[in-house]
Amino acid sequence: MGQTIKVALSGYDAETDKNPDHFSLFVDNDDSNDYILIKEKETDTVIVSSTTNISHDLAYIPFCLVFAEVSDGVWRKLFGFPINGSNYWFEVSTTNLILRNTSGSPINYQYHIFYDNIT
Amino acid sequence: MTQQVIKVAKKGKSAHSLDPNDFVFHSSYNTFKILKEGTKTITLSASTNNQTFSEAHDLAPFTIPIVTAFAKRDSASQVFAPNGFDVELWGAKLGSAGDVTFNYVQADKDNIYFNFDNAKGTTVAVTIRYFILG
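Protein chains in written order, with the numbering used here: chain A, 1 to 119; chain B, 1001 to 1134.
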């Protein structure tokens, strides 16, 4: 028998509802879909001038989210090498989160590294 | 004082494991939550690049939220992410580009912003699905 922790959103019955979108917390290790809650390791904001390595010490490639402050108070979600010619992106290795900026001007990057192994 | 922990290991893994990847849930680690989600329907002007659309997020107490989004042309069945092209319904080939580009999603303390290019000579209806995470 599996272990379960479920907290339904208002208006839904935690005992009968099967839709994970209807729960603020949905944990069930006996679920065939194996829903996993991603787990935050660290988050920080750094100034990136060209390339900045953030060591994560996990020895695998973790799930990461990165945002760049493209103008004062405006934060853009980053991906891999940008198709539209903008200058901000990131890569992830088994040792580092690698923050790239080819604009020539230092800007703030906010990063989130999770424990969850994506490989 | 002993630390109180709630944790659920993956099936076949030990609840005493020290590897965070062995757990479906572990109360020692912050988990991502969807603070808000929604859809926004827009119409891209014909033959125009750098079109920006905004949506108020009403989450000022959380300052600037973490956002992500996906776009779908109303005529297509698949979505495409920021920093990506749409792909035509059929006939898409490896390396081919669509004619609508979702350039980026970004946010400030008040709004989410979505930016697109449209190379088509006609307007394009697009539905955006966005998520605010925290």
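Cβ atoms here follow ideal geometry from the backbone N, Cα and C, with glycine treated the same way.
Any C-beta of chain B under 8 Å from that of residue i
i, result
"I36(A)", "yes"
"V100(A)", "For the record, residue 100(A) in the displayed sequence is Arg; it is not Val. So no, R100(A) is outside the interface."
"L65(A)", "yes"
"D30(A)", "yes"
"P20(A)", "no"
"P82(A)", "yes"
"N117(A)", "yes"
"V92(A)", "no"
"V70(A)", "yes"
Chain-order list of residues whose beta-carbon lies under 6 Å from that of residue i (same chain, five-residue window excluded)
i, result
"G11(A)", "none"
"P1082(B)", "F1102, Y1104 and V1105"
"T102(A)", "N87"
"L1089(B)", "Confidence at L1089(B) is low in this model, with a pLDDT of 47, below 50, so the placement of that residue should be treated as unreliable; the coordinate-derived value is given next. Cβ within range, chain order: A1076."
"T1052(B)", "Y1113 and N1115"
"V1008(B)", "V1024 and F1025"
"K1072(B)", "V1079 and T1127"
Boundaries (first-last residue) of the beta strand (DSSP E) holding residue i
i, result
"K77(A)", "V74 to K77"
"S1014(B)", "Unbroken run through S1014(B): none, as it is neither H nor E."
"Y109(A)", "I107 to N117"
"N1111(B)", "N1111 to N1118"
"N101(A)", "N96 to N101"
"N1049(B)", "T1048 to A1056"
"L1044(B)", "I1034 to L1044"
"A8(A)", "T4 to A8"
"S93(A)", "Neither: S93(A) is in no beta strand (DSSP E) and is coded neither H nor E."
"V1079(B)", "Here V1079(B) belongs to no beta strand (DSSP E), and DSSP marks it neither H nor E."
"K18(A)", "Unbroken run through K18(A): none, as it is neither H nor E."
"F81(A)", "It is not in any beta strand (DSSP E) - F81(A) carries neither H nor E in the DSSP assignment."
"D28(A)", "F23 to D28"
"V1008(B)", "K1007 to A1009"
"A1060(B)", "Unbroken run through A1060(B): none, as it is neither H nor E."
"T1031(B)", "Note, T1031(B): premise wrong, no beta strand (DSSP E); not H, not E."
Closer than 8 Å to chain A by CB, residue i
i, result
"N1021(B)", "yes"
"F1032(B)", "yes"
"A1107(B)", "yes"
"V1079(B)", "no"
"I1066(B)", "yes"
Neighbourhood of residue i by C-beta, 7 Å cutoff - its chain only, sequence neighbours within 5 removed
i, result
"G1091(B)", "Residue confidence for G1091(B) is low, a pLDDT of 47 falling below 50, so the modelled location carries little weight and cannot support an answer."
"N29(A)", "G2 and Q3"
Contacts around residue i, its chain only, beta-carbon distance under 8 Å, and the 5 residues preceding and following it disregarded
i, result
"D1110(B)", "A1056, H1057 and A1060"
"I61(A)", "V92, S93, T94, N117, I118 and T119"
"L1035(B)", "L1059, F1062, P1065, I1132, L1133 and G1134"
Chain E contact residues for residue i, given Cβ-Cβ distances below 8 Å
i, result
"T1101(B)", "Among the protein chains of the structure shown, namely A and B, there is no chain E."
Meets three-Cβ-pair contact criterion under 8 Å: the region 61-80 of chain A and the region 98-117 of chain A: yes
What ranges does the beta strand (DSSP E) occupy inside the region 32-71 of chain A, keeping only unbroken runs of at least 3 residues that lie completely in it? 40-48, 51-55 and 62-71, all fully within the region 32-71 of chain A.
Between the region 43-60 of chain A and the region 88-98 of chain A, do at least 3 Cβ pairs fall closer than 8 Å? The answer is yes - the region 88-98 of chain A touches the region 43-60 of chain A, with three or more Cβ pairs under 8 Å.
Taking one C-beta from the region 1048-1055 of chain B and one from the region 72-81 of chain A each time, how about it: are there three or more such pairs within less than 8 Å? no
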